[in-house]
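Position one of the sequence shown corresponds to residue 302 (our numbering), numbered consecutively onward.
Every residue, glycine too, gets a C-beta built ideally from N, C-alpha and C.
The structure presented is a predicted model; accordingly, all values stated were derived computationally and were not measured.
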Amino acid sequence: MQNETTQDWTLEQFQVPEKEGETRFHDFDLEPALMRGIADAGFQYCTPIQASVLAHTLAGADAIGRAQTGTGKTAAFLITMINDLLRHPITVKRFAGEPRALIVAPTRELAMQIEKDAKQLSAHTDLQVMSVVGGMNFNRQQERLQTRLIDILVATPGRLLDFAKRRDLWLDRVESLVLDEADRMLDMGFIPDVKRIVRMTPSNRYRQTQLFSATFNDDVMALSQRWTEDAAVVEIEPTQVTTETVDQKVYITATDDKFNLLYNLITRENMDKVIVFANRRDITRRLNDRLHKKGLKVSLISGDVPQNQRLKTLERFRAGDLQVLIATDVAGRGIHIEGVSHVINYNLPEDPEDYVHRIGRTGRAGASGVSISFACEDDAFLLPQLEQAIGRKLNCEHPDAALVADR
302 MQNETTQDWT LEQFQVPEKE GETRFHDFDL EPALMRGIAD AGFQYCTPIQ ASVLAHTLAG
362 ADAIGRAQTG TGKTAAFLIT MINDLLRHPI TVKRFAGEPR ALIVAPTREL AMQIEKDAKQ
422 LSAHTDLQVM SVVGGMNFNR QQERLQTRLI DILVATPGRL LDFAKRRDLW LDRVESLVLD
482 EADRMLDMGF IPDVKRIVRM TPSNRYRQTQ LFSATFNDDV MALSQRWTED AAVVEIEPTQ
542 VTTETVDQKV YITATDDKFN LLYNLITREN MDKVIVFANR RDITRRLNDR LHKKGLKVSL
602 ISGDVPQNQR LKTLERFRAG DLQVLIATDV AGRGIHIEGV SHVINYNLPE DPEDYVHRIG
662 RTGRAGASGV SISFACEDDA FLLPQLEQAI GRKLNCEHPD AALVADR
C-alpha cells in the first residue's frame, strides 16, 4: 500500500544516530512508507509522550494519555494509526463513507490541523485522509463521503453526527478510535454527542482506542475507563511546556497604558511573528483596528470570524505575510505554527489551563520562545492561581516609561 515514489526510498536515506536517553522512531518497527513521512516531517527523536505511548499502542494496546498541547501527542496517535492501517490492508470490498480510523476533536482548527499532520505523515502511502467539520462547505464534504473511500476521518462531533444521521457516514468498520482533548470536549458540552459517536463504532474489544486529555479529572477518567480496554495510562507533566523552553514575564501596568505597551513592545523588539491573546471578541477587534492604523501587518481570528476567513488568516500568518495575529482562546489549542517568537497575553486568562495552552504556541518542539503577560487592576488578582497551576513564580515588573509612551 504505497506509491511508486516510495519504492526507491530506503531507511539508509534517513540516518538518525543513537543518543543516550533518547528514543528514535527507528527504534520502533514502523512501515517504510510511514518512516519516509516521519523523515519529511523532520522528526528524529521521540518526545516523552511519543516514546511512552508508542511503546504500548504499536503493540495494539489502548492508551489514555495526559499531555499538554505542543508535546507531540498528535504524531503519537497518528503514527500508531497509520502503521496499523498499512500493516493490515483491507481485502474485502469497501464502500464510501466507511472510515477505518476515526479521530474526534473539539474544535475545527484542531481537527483541520490533525488532518494536515495526517496527510503529511501518510503522504507516501495510499491512505485517504479527510475531515468533516462545522463551518465548512457541507455539500462538498457530503459529496466526498458519498463518492470516495476514506481510511482516516478527522471530525468535530456535531458535523460527524449530522452525516451519520443522514446515512452518509457509517462507523461500524472503525478499527482505530482517537478522542483528542477529552477535557475540552467535556467543557464544551460535547460529551453526550461523543457518547453517541462511540456507540456507533465496534465495541471496545474490536477497536483500538486512544484518549488524550490535558487534565485527568474524575469525569475524564470515568469516560476513559468506559471507552477503553486494559489501557496503558501515560502521564507527561505539564510543567515541561511552561518552564523549559518559554521565557515568561509579566508587566504590571494600568489598563489605559496596555495598548501603548503592546505597540511599543512589538515595534521596539522587532517581533516578526507574535500572537496576541485577548479574552473577548470586542477587544480583539479593537486591537486589530488600532494596530492596523499604526501600520502593522495584523489580522484576527475569533469565534465570529467565518471559518474560511480564519483559515486564510492562519495561512498568511504561517507564511510570514502577517506580523501580528490577534486571537481569542478559540486559537489557544490546536494551532501549530512554526516559528512563533512571542505570545502576548493582553488579558490574563481566567482559566490557568488556557494560559498553558496560549504560551504553548511558542517554544514548540524544543525551540525557545517568549511569553509576555499584562496584569492590570482588572485581572492581577488572577496571578496567584496562575502561578499555582504552573508550579512556579512569574517574573513581574513595571514597564519603563518609554514602553508606555504614546507614539
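*Neighbourhood of Pro607 by C-beta, 6 Å cutoff - its chain only, sequence neighbours within 5 removed*: Same-chain partners within the cutoff: there are none.
*Please work out which residues of its chain come closer than 7 Å, Cβ to Cβ, to Asp519, disregarding the five sequence neighbours upstream and downstream, and give them in chain order.*
The beta carbon of Asp519 sits closer than 7 Å to no other beta carbon from its chain once the five residues preceding and following it are set aside.
*Opposite His643 in the DSSP bridges: which residues?*
DSSP lists Val575, Val671 as partners of His643.
*Could you tell me the boundaries of the alpha helix (DSSP H) in which Asp341 lies?*
Where Asp341 is concerned, the enclosing alpha helix (DSSP H) starts and stops at 333-341.
*Presumed contact (8 Å Cβ cut-off) between Ala356 and Phe513, rounded CB distance*: By a beta-carbon distance limit of 8 Å, Ala356 does not contact Phe513. Their separation comes to about 16 Å.
*Residue from Ile365, Gly338, Asp341 with nearest C-alpha to Leu524*: Of Ile365, Gly338, Asp341, the smallest CA-CA separation from Leu524 is found for Ile365.
*The alpha helix (DSSP H) with Phe439 in it runs from where to where?*
Unbroken alpha helix (DSSP H) run through Phe439: 439-448.
*asked:* Taking the alpha carbon of Gln662 as the reference point, which residue from Asp452, Asp652, Asn646 has its own alpha carbon closest?
replied: Before going further, note that residue 662 is Arg rather than Gln in the sequence given. Arg662 has its Cα closest to that of Asn646, out of Asp452, Asp652, Asn646.
*asked:* Tell me the rounded alpha-carbon separation between Leu472 and Val354.
replied: Each residue's CA atom was taken as its position, placing Leu472 and Val354 some 25 Å apart.
*Between the CA atoms of Arg582 and Lys557 - distance to the nearest angstrom*: Note that residue 557 is Asp in the sequence shown here, rather than Lys. Their backbone Cα atoms lie some 19 Å apart in a straight line.
*Secondary structure, alpha helix (DSSP H): runs of 4+ residues fully inside the segment 548-617*: The DSSP assignment places 559-569, 582-594 as complete runs of the alpha helix (DSSP H) inside the segment 548-617, in order along the chain (cut-off: 4 residues).
*Host alpha helix (DSSP H) of Thr629 (start-end)*: No residue range can be given for Thr629, since it is assigned to no alpha helix (DSSP H) and is classified by DSSP as neither H nor E.
*If we ignore side chains and look at the alpha-carbon of each, how far apart do Leu422 and Met572 end up?*
Between the C-alpha atoms of Leu422 and Met572 there is a straight-line separation of about 31 Å.
*Could you tell me the distance, in whole angstroms, from the CA atom of Asp484 to the CA atom of Asp309?*
Distance between the alpha carbons of Asp484 and Asp309 is about 43 Å.
*Tell me whether Arg460 is buried or exposed, calling it buried when 16 or more other Cβ atoms sit within 10 Å of its Cβ.*
Classification of Arg460: buried, given that the 10 Å Cβ count is 16 or more.
*Report the three-state DSSP secondary structure of Ile453 (helix, strand or coil).*
DSSP places Ile453 in strand when its eight states are reduced to three.
*Should the segment 489-507 be regarded as contacting the segment 422-440, the criterion being three or more beta carbon pairs within less than 8 Å?*
Judged by Cβ distances under 8 Å, the segment 489-507 makes no contact with the segment 422-440, as fewer than three pairs qualify.
*Between Cys347 and the rest of its own chain, which residues show a CB-CB distance below 6 Å, the 5 nearest in sequence each way excluded?*
Here the set comprises Thr324.
*For Leu684, which residues of its own chain have a beta-carbon under 8 Å away from its beta-carbon, when the five flanking residues on both sides are left out?*
Here the set comprises Val551, Leu649, Ala676, Leu695, Cys697.
*Return the first residue and the last residue of the alpha helix (DSSP H) that Ser353 is part of.*
Run containing Ser353: 349-358, per the alpha helix (DSSP H) assignment.
*For Leu687, which of Ala706, Phe618, Asn561, Pro653 has the nearest alpha-carbon?*
Of the candidates Ala706, Phe618, Asn561, Pro653, the one whose C-alpha sits nearest the C-alpha of Leu687 is Pro653.
*Within 10 angstroms of the Cβ of Ile468, are there 16 or more other Cβ atoms? Answer buried if so, exposed if not.*
Rather than Ile, the amino acid found at residue 468 in this sequence is Arg. Exposed.
*Nearest to Thr358 by alpha carbon, out of Ile537, Ala406, Gln511?*
Out of Ile537, Ala406, Gln511, Gln511 has the C-alpha closest to the C-alpha of Thr358.
*Boundaries (first-last residue) of the alpha helix (DSSP H) holding Ala523*: That run of the alpha helix (DSSP H) goes 519-528.
*Does the Cβ of Lys595 have 16 or more other Cβ atoms within 10 Å, making it buried, or fewer, making it exposed?*
Exposed, because fewer than 16 other Cβ atoms sit within 10 Å of the Cβ of Lys595.
*Where does Ile537 fall in DSSP's three states?*
Three-state DSSP puts Ile537 in coil, outside helix and strand.
*Report all residues from its chain with a CB closer than 7 Å to the CB of Ile350; omit the five preceding and five following residues, and keep chain order.*
Only Gly366, Ala368, Thr372, Gly373, Lys374, Ala377, Val535, Ile537 meet the Cβ criterion.
*Answer with buried or exposed for His389, where buried requires no fewer than 16 other C-beta atoms within 10 angstroms of its C-beta.*
Around the C-beta of His389, fewer than 16 other C-beta atoms lie within 10 Å, and the residue is accordingly described as exposed.
*Using CA coordinates, which residue listed in Val671, Ala703, Leu379, His327 is at the minimum distance from Asp548?*
Nearest to Asp548 by alpha-carbon distance, out of Val671, Ala703, Leu379, His327, is Val671.
*Where DSSP assigns a beta bridge to Val479, which residues make up the other side?*
In DSSP, Val479 forms a bridge with Ile404, Gln511.
*With 16 other CB atoms within 10 Å as the buried threshold, where does Asn440 fall?*
Looking at its Cβ environment, which holds fewer than 16 other Cβ atoms inside 10 Å, Asn440 is exposed.
*asked:* So, under 8 Å CB-CB, Val475 and Ala406 are touching, yes? Tell me the CB distance rounded to an integer number of Å.
replied: In fact, because the Cβ distance is near 15 Å, the residues do not count as touching under 8 Å.
*In this structure, does DSSP put Asn648 in helix, strand or coil?*
Under the three-state reduction of DSSP, Asn648 is assigned to coil, being neither helix nor strand.
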